Structures are given as C-alpha cells and as structure tokens.
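Written out below as structure tokens is the structure these notes cover.
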Amino acid sequence: MVLPAILISSDIISLLTHNSTKGVLHSIFENACNIKVDGRLITIINFNVANYPSAIKLGVENKYNLKDLGFKIGMKASLNRESISFEGIPVIVDLKKAEIWDVSPVKIKSSVSEEVIKNNLEKIREVTLIHGNLDGLASILDRENASNLVEFVAPFIEKLALGLKRQNHNYIKELAEKIIGFGPGLTPAADDFLLGMMASIYYIGSLYDDSFDKVKPLIHSMISDISGRTTLISEVMLKNGANGLFHEPLRELMLALLRGEEVENKCISLLEMGGTSGSDCVAGIVYGGLLMIDMRGQRRYKNVSKVFSKEKHLL
C-alpha cells in the first residue's frame, strides 16, 4: 500500500536525505503515528489534522485509520527524501510529490495599537470561557471560579511569571521544572499552557523587542532541564515551541491577534484541538500576552486582577 504525502514540515527536511535514516515507531493513533529518530519525533498525520512541526501530511484520498494499517509500537522504519517504509508490513509513505510547509516563525511588524492587542486578548479570554473545555487549566482565566487543579498549580505559574518579568533564568528554570508534566494526558495540561505562553512570548514579546533572538533565551530557560519530566510527545512539543515552531492553529491565532484581525473563529479552531489541550494552550496565550505587555513597561491591563489573581496586582 502506497500512501502519498502532500506536505512535509520544513524543520525535518534535513533529516530526510538520499541516505536512509533509521527510526522506530513510538506511538500510534487513529489520525497520527510518531516515529522516533535520534530523540526527535517525526509525525505522520492524516489530511484532516492541522499542520504541525516535524510532521508529514497524507493526501486527502488517504483517509485511513492508521491503527488499522498494521503499525506496531517498536516497529523499525526507514526514512529518506523519497519515502518511508516499515519493517514487516507493505506500507510505504511516498514523499516524492510532497510540498514543503514552512513552519518557521512569521516575523511581522504590527501597526496595531497596544489597546487593540489587549482587546483581542480579552476577546480570546471570553471566547474560551464560553466555548472552551475548563477541565484543565483554562479556568485560570476566571479565578473566582477556578478549579481545584488551577488553585494548586497557579502559585507556581505566578512565580514563573515573576521570574520572566525579572528575566532571572535560574528562577525560570526552577519554577518551570515544578510545572512541566503537571496534569493528565499525552500533552499534560501545564505543558499545553506553557506552549501558549511561549507563543505569546515569541510573538508579542518580539513585537516590542523587534527580535525573536531577544526573547528566545527566556523560553529556553523554561525547558533547559525538561528531559524525563513529561511525555516524549510533550517534550518534543515544548522544544519546538522554544524554537518558535508552533502548529498552524496556534500560529494563525497569534498572527490574527497581532494584526488586529477577527480572532473568534481562529480561537475556536484552537479550542477544538484534543480534549483540554486547545483550551489550556489558549489560556497560556492570554496569560503570556498580558505578561509581555506588562514586561514592556506599558500601562497595566485594568482587568488582569479579575482574570488571574485574587489580589490587586498583575500576576
């Protein structure tokens, strides 16, 4: 069986050479399977899955349940620029006609005012509280009705925010270690929240600093000791985020936010992703976005104490 691919994420092109690279099947789901290659994960996704870093998307005519194709965890795979084959089953992913999806951070010079950005963040918060799944960490957006889960982890998030504001890399590392891996799931709730924070640090933080390089060290401090603290899938997700590589729904929402465009539909698209994952990620965007505005010395967001804290100060 030949499965033609239509897209390859740009960050894995260097791994797909004319010489074969060996990998092992790490995990298999209905619409995705992960191949572990030198500590990284390359993900094969069905056409109806959003574009991801390190992913290869199958064509629209190949809507298969990937669990039914004979894949087994631990199965050996061979990857090169033209195809991916698997030991013991007659399945080949054909890469020859696949186009490249550029996963690189989109650097923009936004002309919208800070007030527009704050209004968009508030709109995203409202949409999340109406349409989101609040079983994870998203109820941090409404502290008066926050879940017990949020009440437990919020003090660590607030201390992490303080470390970011002070740009204290050791403190950031120490607090991130307490948060990473918290919560159930393949991508625990706290990790999804941190991914959203990373997106805001990159896109809103670099908007004010005009350089991704100036904010990157802050994020890398968050994951400097991540190995073994969470699932491999989540670890790879956060490492990608630390390099400004985000899945398409997250990136599209950030761009709409900074361009002053309509954010509701893009927010809902992100909220619909995987159980609580999308909602937790959106909560991280709002939290991180307000933090970045505060860090740049702008006037305080009047509603932030209502959103995040029972005290009368930001974070």
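Here the sequence shown is numbered in our numbering, starting from 177 and rising by one per residue.
C-beta: ideal position from N, C-alpha, C; glycine also.
The structure displayed is predicted, hence computed values, not measured ones.
Beta-bridge annotation (DSSP): Ala366 is not paired with any residue. It is roughly 43 Å from the alpha-carbon of Lys243 to the alpha-carbon of Lys294. For Thr219, the enclosing beta strand (DSSP E) stretches over residues 216-221. Residue pairing of Ala231 in beta bridges, as defined by DSSP: Thr219. Only buried fits Val269, as 16 or more other CB atoms lie within 10 angstroms of its CB.
Bounds of the alpha helix (DSSP H) holding Leu466 are 453-471. By the 16-neighbour rule on beta-carbons within 10 angstroms, Lys442 is buried. Taking the Cα of Ala459 as reference, the smallest distance to any Cα among Pro360, His307, Phe205 is reached at His307.
Secondary structure of Leu192 (DSSP, three-state): coil.
Considering only Met398, Ile409, Ser190, the residue with the shortest C-alpha distance to Met374 is Met398. Ile184 is bridged by DSSP to Ile232, Ile276.
Distance from the Cα of Pro425 is smallest, within the candidate group Ile444, Asn416, Met413, for Ile444. Spatial neighbours of Ser286 in its own chain (CB-CB distance under 6 Å, excluding positions within 5 residues in sequence) are listed in chain order as Leu383, Leu434. When DSSP assignments are scanned along the segment 416-440, the uninterrupted stretches of alpha helix (DSSP H) that are 4 or more residues long and fall wholly within it turn out to be 424-435. For His194, the number of other beta carbons within 10 angstroms of its own is below 16, and it is reported as exposed. Only exposed fits Pro266, as fewer than 16 other CB atoms lie within 10 angstroms of its CB. In the pairwise beta carbon analysis, the segment 409-428 is classified as touching the segment 367-381: at least three pairs are separated by under 8 Å. According to the DSSP assignment, Lys354 belongs to the alpha helix (DSSP H) that extends over 345-355. Excluding sequence positions up to five before and after Lys354, its CB lies within less than 6 Å of the CB of Phe332, all in the same chain and listed in chain order. Contact between Ile249 and Ser280 does not hold, since their C-beta atoms are separated by about 31 Å, which reaches or exceeds 8 Å. With a contact defined as Cβ atoms closer than 8 Å, Asn207 and Val225 qualify at about 5 Å. The alpha carbon of Val326 has as its nearest neighbour, out of Ile316, Glu320, Glu334, the alpha carbon of Ile316. A Cβ-Cβ distance of about 45 Å is found for the pair Gly246 and Ile380, leaving them out of contact under the 8 Å criterion. Between the C-alpha atoms of Lys299 and Asp456 there is a straight-line separation of about 16 Å. Counted as a single uninterrupted DSSP element, the alpha helix (DSSP H) harbouring Gly339 occupies residues 324-342.
Around the CB of Ser289, fewer than 16 other CB atoms lie within 10 Å, so the residue is classed as exposed. Boundaries of the alpha helix (DSSP H) harbouring Thr304: 290-307, taken from the DSSP string. Between Glu291 and Lys272, the C-beta spacing is not below 9 Å. Pro364 places its beta carbon less than 9 Å from that of Thr407. In this model, Gly264 and Met251 are separated by some 8 Å (Cα to Cα).
Judged by DSSP in its simplified three-state form, Asp244 adopts helix. About 7 Å separates the Cβ atoms of Arg216 and Ser230, confirming a contact at the 8 Å cut-off. Rounded to the nearest angstrom, the gap between the Cα atoms of Val462 and Leu297 is 6 Å.
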